[in-house]
């Protein structure tokens, strides 16, 4: 027994030595860990694949390039202000071409509600179909979109669908592994990219950040953890408004996903057919003013018109953020959709006034005016002149 | 008993010793790819950066790479992993697959005094090379290691650059370069490590075991996502090209193998410009489509599970099908999804 033990020691030593001495590298435990991690990726993906759908859109054109204005038709002077006085045009935030291929979505609940990214419908397609992993196809209805959080909700006529498990935001940790799934390349299985959670509470608390490669190939698809639970829905985002803003970060290791808490806040409204659009204050900013966000003109009607705010006033703060130029203002409110409240502080003659303002859709804004604002009319829209306790 | 425990302890200690020097687990694969990828230097013009990568596929200096302008150089130079510079002859090019096969040769150079110096000889058994692995065994989420010379970072006998990512999916390539359509339309391996950089194309993609699974493809933009693609041509495609290049009779036969669309009997609504929705304009009598129940004005959205967004992609997908195939057809008719099975026939 003893001698046999000795023999084993000798053999093991020789084996270990041969392993080290061999020219080819050793498959050590680090290699085995890498292999095990690979298996974990497979298992996590397999768990969620039944809940990931392929979305095909048919028809629809590439959207107008950002900032590009349609050629003017026969122009007649009908007394309306020249175009530069109505600057509340929403652009897409990018010159990127929208995907032509299929996209991905996630089954949100068993009754046929599919969550995806609004990015996938910028083309305004004529038809949308949803292909389930089990092979079934459905015509889908685009119920509503959130153009701010870049989400969209589809409805298909199905019940008893398999639903995924979501990770509560409190459990998401910076540094943990992430896997993104998409259908943008076609193929029979979702495309897989892998990364980590880079940051929490990005984009005014609307998104978590990941370094997994996100692109039009997986916007609308889920970002999952190693247990196959959903961390969020992958969307393009950047710190500025625009439906395509953030697409230019594709595959750069800067990606965003909207987590469960935010999704649930929004979904109830989306199911009702309520869409979220970019919110506007309805002011034009004097870009020549140095180091301050000075109002050049106010739209009538607009959220701030009823407050008595006028040309020359300075927006000192928005949502607690000091403003020095128009970019600061955009960054302070780009994540607040129309219908939600922004706190602004207006400076006039070295006095500061605080207001809560409900942002408007650009279609609700009137033309810019420079004259003195009328006295407050409580029947006018947007008049919420709630004064904040401000010293 | 004591002996066995001691043996285990010692073997664990030995493994720990080994792993302390080589952490990460990717080292066998990195080693394999670093020893078998060569750096190419050639013509610098237009879109071509003038440098690239290639993979050694024989012990006597056969190198496979992607077609690019750099190959048109008067003096194409190939630097092997040990830092030796060779010349190369182009044995074959495949315009459709965008691949090229080179054979290394000694590169004679002139020294400072203008004397001709004979370059390193090329002989059998001289190079480490890749045998083709199995790309079909790749599973989405598998580690992949890409090796090449992006931005020609590696100099002299320095190692090439390697990066780790995962295999994303296998799909048909549908891409363009600038405004021109990219001719290669076969299956590719999408990966999530960035290889859409100058110098990377022609490099090798290996799995965690260090087995060769693909050749990093040329820089292209996807027609589906409009993003730069990070991808590799499957090793099976590369191997088929190498074999046919070394056996000219076989390649002639392959070229004669013309792909025709099988007969289905569907007439599409076509008006000049082809990027149109796939609306059925008519169905031929006694055709497979008629039997399957396809009707005029149906909007075809997928064939055999592959979505078709326009007439071009309809034809693409149909060309890949053979007579006798039973193919699932999904159409939209009056805002409703209809699924039917169509049995393709021999084209007349």
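Chains as they are written, first to last, in our numbering: chain W, 4 to 394; chain L, 3 to 350. Built from N, CA and C at the ideal position, the CB exists for glycine as well.
Counting contacts by CB-CB distance shorter than 8 Å, is residue i in contact with chain W?
i	result
residue 66 of chain L	no
residue 349 of chain L	no
residue 311 of chain L	yes
residue 308 of chain L	yes
residue 58 of chain L	no
residue 28 of chain L	yes
residue 142 of chain L	yes
residue 272 of chain L	no
residue 164 of chain L	no
residue 210 of chain L	yes
residue 196 of chain L	yes
residue 218 of chain L	no
residue 192 of chain L	yes
residue 45 of chain L	no
residue 221 of chain L	no
residue 279 of chain L	yes
residue 344 of chain L	no
State yes or no: is the beta carbon of residue i nearer than 8 Å to at least one beta carbon in chain L?
i	result
residue 280 of chain W	no
residue 216 of chain W	yes
residue 346 of chain W	no
residue 372 of chain W	no
residue 161 of chain W	no
residue 48 of chain W	yes
residue 272 of chain W	no
residue 140 of chain W	yes
residue 34 of chain W	yes
residue 235 of chain W	no
residue 254 of chain W	yes
residue 416 of chain W	Here chain W has residues from 4 to 394 only, and residue 416 of chain W is not among them.
residue 44 of chain W	yes
residue 107 of chain W	no
residue 62 of chain W	yes
Considering Cα atoms alone, identify which of the options is closest to residue i.
i	options	result
residue 40 of chain W	L/110, L/331, L/340 and L/146	L/146
residue 246 of chain L	L/42, L/102, L/288 and L/141	L/102
residue 34 of chain W	L/131, L/290, L/286 and L/212	L/212
residue 186 of chain L	L/162, L/224, L/136 and L/158	L/224
residue 298 of chain W	W/316, W/373 and W/372	W/316
residue 345 of chain L	L/338, L/334, L/331 and L/326	L/326
residue 288 of chain W	W/263, W/328 and W/262	W/328
residue 57 of chain L	L/80, L/183 and L/72	L/80
residue 108 of chain W	W/53, W/349 and W/37	W/53
residue 346 of chain W	W/313, W/354, W/307 and W/369	W/307
residue 339 of chain L	W/133, W/331 and W/157	W/133
Determine the chain L residues that contact residue i at a beta-carbon separation under 8 Å, and present them in chain order.
i	result
residue 59 of chain W	303, 304, 309 and 311
residue 100 of chain W	228
So residue i contacts chain L; which residues on that side make the cut at Cβ distance below 9 Å?
i	result
residue 132 of chain W	303, 304, 309, 332, 334 and 339
If the cut is a Cβ gap below 7 Å, which residues of chain W does residue i touch?
i	result
residue 170 of chain L	194, 195 and 196
residue 145 of chain L	37 and 41
residue 248 of chain L	Under the 7 Å cutoff, chain W gives no residues; its nearest Cβ is about 28 Å from residue 248 of chain L.
I want to verify the contact list: residues of chain W whose CB lies under 9 Å from the CB of residue i, in sequence order.
i	result
residue 225 of chain L	103 and 104
residue 113 of chain L	Neighbours of residue 113 of chain L on chain W: none; closest Cβ ~34 Å, over 9 Å.
In chain L, which residues lie less than 7 Å from residue i when you measure between Cβ atoms?
i	result
residue 30 of chain W	30
residue 190 of chain W	171, 172 and 173
residue 173 of chain W	In chain order: nothing, as chain L lies at least about 27 Å away.
Measuring from the CB of residue i, is there a heavy atom of the ligand NAD at a distance below 7 Å?
i	result
residue 128 of chain W	Only the bare structure without any ligand can be found here, which leaves the ligand NAD out of the picture.
Next on the checklist: With three or more beta-carbon pairs closer than 8 Å as the criterion, would you say the stretch 148 to 157 of chain W touches the stretch 336 to 347 of chain W?
Outcome noted: Counting Cβ pairs under 8 Å, three or more are found: they touch.
Next on the checklist: Check whether the stretch 213 to 222 of chain W and the stretch 253 to 267 of chain W touch, using three or more Cβ-Cβ pairs below 8 Å as the test.
Outcome noted: yes
Next on the checklist: Below 8 Å, how does it come out for the stretch 219 to 234 of chain L and the stretch 191 to 198 of chain L: are there three or more Cβ pairs, yes or no?
Outcome noted: yes
Item to check | Complete runs of the beta strand (DSSP E) confined to the stretch 92 to 126 of chain W [at least 3 residues] | outcome: Those beta strand (DSSP E) runs which fall completely within the stretch 92 to 126 of chain W and span 3+ residues are 106 to 112 and 116 to 120.
Checklist entry - Below 8 Å, can you find three or more Cβ-Cβ pairs linking the stretch 200 to 213 of chain L to the stretch 138 to 153 of chain L? => result Judged by Cβ distances under 8 Å, the stretch 200 to 213 of chain L makes contact with the stretch 138 to 153 of chain L, as three or more pairs qualify.
Checklist entry - Just checking, does the stretch 136 to 144 of chain L make contact with the stretch 64 to 81 of chain L on the three C-beta pairs under 8 Å criterion? => result no
Next on the checklist: Threshold first: 3 residues or longer. Then list the beta strand (DSSP E) segments lying entirely within the stretch 30 to 90 of chain L, N to C.
Outcome noted: Whole beta strand (DSSP E) segments, 3+ residues: 39 to 43, 53 to 58, 64 to 68 and 79 to 81.
Item to check | Length-filtered (4 minimum) alpha helix (DSSP H) runs lying within the stretch 253 to 317 of chain W | outcome: Taking 4 residues as the shortest admissible run, the stretch 253 to 317 of chain W contains the following complete alpha helix (DSSP H) segments, listed from N- to C-terminal end: 263 to 274.
Item to check | Segments assigned alpha helix (DSSP H), at least 4 residues, entirely inside the stretch 303 to 333 of chain L | outcome: Segments of the alpha helix (DSSP H) lying fully in the stretch 303 to 333 of chain L: 313 to 321.
Next on the checklist: Would you call the stretch 201 to 216 of chain W in contact with the stretch 299 to 310 of chain W, where contact means no fewer than 3 C-beta pairs closer than 8 Å?
Outcome noted: no
Checklist entry - Fully enclosed by the stretch 322 to 365 of chain W, which beta strand (DSSP E) runs are 3 residues long or longer? => result 344 to 351 and 354 to 361
Item to check | Contact the stretch 125 to 136 of chain W vs the stretch 45 to 62 of chain W: 3+ CB pairs below 8 Å | outcome: yes
Next on the checklist: Taking 8 Å as the cut-off, does the stretch 37 to 53 of chain W touch the stretch 174 to 184 of chain W (at least 3 CB pairs, one atom from each stretch)?
Outcome noted: yes
Checklist entry - Which residue spans inside the stretch 108 to 146 of chain L form an unbroken beta strand (DSSP E) run of at least 3? => result none
Item to check | Segments of 4+ residues assigned as alpha helix (DSSP H) that fall wholly inside the stretch 136 to 197 of chain W | outcome: none
Item to check | Inter-stretch contact (C-beta, 8 Å, three-pair minimum) for the stretch 33 to 42 of chain L and the stretch 80 to 100 of chain L | outcome: yes
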